[in-house]
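Per the numbering used here, residue 34 is the first one in the sequence shown, and the count goes up by one each step.
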Amino acid sequence: MNKAHKYQLVNTKLTQLLDPNVAWIANAANFCSLMFEHFPFFWIGFYYKTDENYLQLGPFQGPTACTKIAKGKGVCGHVWQKGETLIVPDVHQFPGHIACNENSKSEIVLPIFHNKNFWGVLDVDSQQLDNFSHKDLMGLREALDIFEEKAL
Ligand code: SME
Numbered sequence: 034m035n036k037a038h039k040y041q042l043v044n045t046k047l048t049q050l051l052d053p054n055v056a057w058i059a060n061a062a063n064f065c066s067l068m069f070e071h072f073p074f075f076w077i078g079f080y081y082k083t084d085e086n087y088l089q090l091g092p093f094q095g096p097t098a099c100t101k102i103a104k105g106k107g108v109c110g111h112v113w114q115k116g117e118t119l120i121v122p123d124v125h126q127f128p129g130h131i132a133c134n135e136n137s138k139s140e141i142v143l144p145i146f147h148n149k150n151f152w153g154v155l156d157v158d159s160q161q162l163d164n165f166s167h168k169d170l171m172g173l174r175e176a177l178d179i180f181e182e183k184a185l
């Protein structure tokens with residue numbers, strides 16, 4: 034099955050899974066679990082804005098991770114500053130990349146908005162170099178649109 038089709042199937046499951054009647058954290062936890070079960074990601078998780086300066090670790094799947102990221106720092110802080118998705122094919126080539134785990138080789142980080150305001154990011158890591166493409170961007174963007182609509 035190609036990646037685009039797989040995202041389509043997983044995102045259909047996501048729509049059924051997310052429950053608008055529970056706190057966002059419960060839905061975010063299930064979001065990560067569903068994605069982690071279906072894709073060979075090394076790590077997937079949410080970082081959410083706690084104030085004007087920091088992101089804090091939210092629900093995730095994978096090894097333990099950094100708990101706080103300052104605005105403008107690392108890939109996540111950079112995405113916050115720019116408000117745009119970043120695909121990093123080789124994390125060692127990204128100046129200021131925050132290495133929570135040395136086995137992570139490539140990364141995609143997407144911003145999440147709520148009522149047009151920046152809310153946080155979804156960070157996905159891989160143990161393979163150059164693992165993320167436009168297909169991941171499209172599939173994960175659609176998943177986050179569902180998350181924003183049903184969980185925030
Ligand atoms: N690498 C990220 C930090 C988060 S971990 O990968 C889970 C960054 O540079 O922002």
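Heads up, the beta-carbon is just placed ideally off N, CA and C, and yes, glycines get one too.
Sequence-distant residues of its chain with Cβ nearer than 7 angstroms to residue i (five each side left out)
| i | result |
| --- | --- |
| ILE131 | CYS99, ILE102, LYS106, GLY107 |
| LYS46 | LEU67 |
| LEU50 | ASN63, LEU67 |
| THR48 | ILE179 |
Separation of residue j from residue i, as counted between CA atoms
| i | j | result |
| --- | --- | --- |
| GLU181 | TYR40 | 17 angstroms |
| PRO122 | SER137 | 11 angstroms |
| LYS149 | ASN134 | 32 angstroms |
| TRP152 | TYR81 | 6 angstroms |
| VAL112 | PHE146 | 12 angstroms |
| ASP84 | ALA184 | 20 angstroms |
| ASP178 | GLN160 | 26 angstroms |
| LYS36 | ASN63 | 21 angstroms |
| SER139 | ASP158 | 6 angstroms |
| HIS167 | HIS71 | 18 angstroms |
| ASP129 | THR97 | Looking at the sequence shown, residue 129 is not Asp but Gly. Taking the straight line joining both Cα atoms gives about 20 angstroms. |
| LYS115 | LYS104 | 10 angstroms |
Exposed unless 16 or more other CB atoms sit within 10 angstroms - verdict on residue i
| i | result |
| --- | --- |
| GLU117 | exposed |
| ILE58 | exposed |
| ASP169 | buried |
| VAL124 | buried |
| LEU42 | exposed |
| VAL55 | exposed |
| PRO144 | buried |
Nonlocal neighbours in the same chain, by C-beta distance under 6 angstroms from residue i, ignoring five residues either side
| i | result |
| --- | --- |
| PRO120 | The sequence given here places Ile at residue 120; Pro does not occur at that position. Excluding sequence neighbours, ILE120 sits near ILE141, PHE165. |
| PHE74 | VAL157 |
Distance between beta carbons of residue j and residue i, contact taken as under 8 angstroms
| i | j | result |
| --- | --- | --- |
| LEU162 | LEU173 | LEU162 to LEU173, Cβ: 19 angstroms. No contact. |
| ASN44 | GLU175 | 5 angstroms |
| CYS109 | LEU88 | 6 angstroms |
Contact set for residue i: own chain, Cβ-Cβ below 8 angstroms, skip 5 residues either direction
| i | result |
| --- | --- |
| PHE91 | Sequence inspection shows Gly at residue 91; the Phe mentioned does not correspond to that position. Contacts found: ILE58, ALA61, GLY78, PHE79, TYR80, TYR81, GLY153. |
| PHE69 | ILE77, GLN94, GLY95 |
| MET171 | ALA37, TYR40 |
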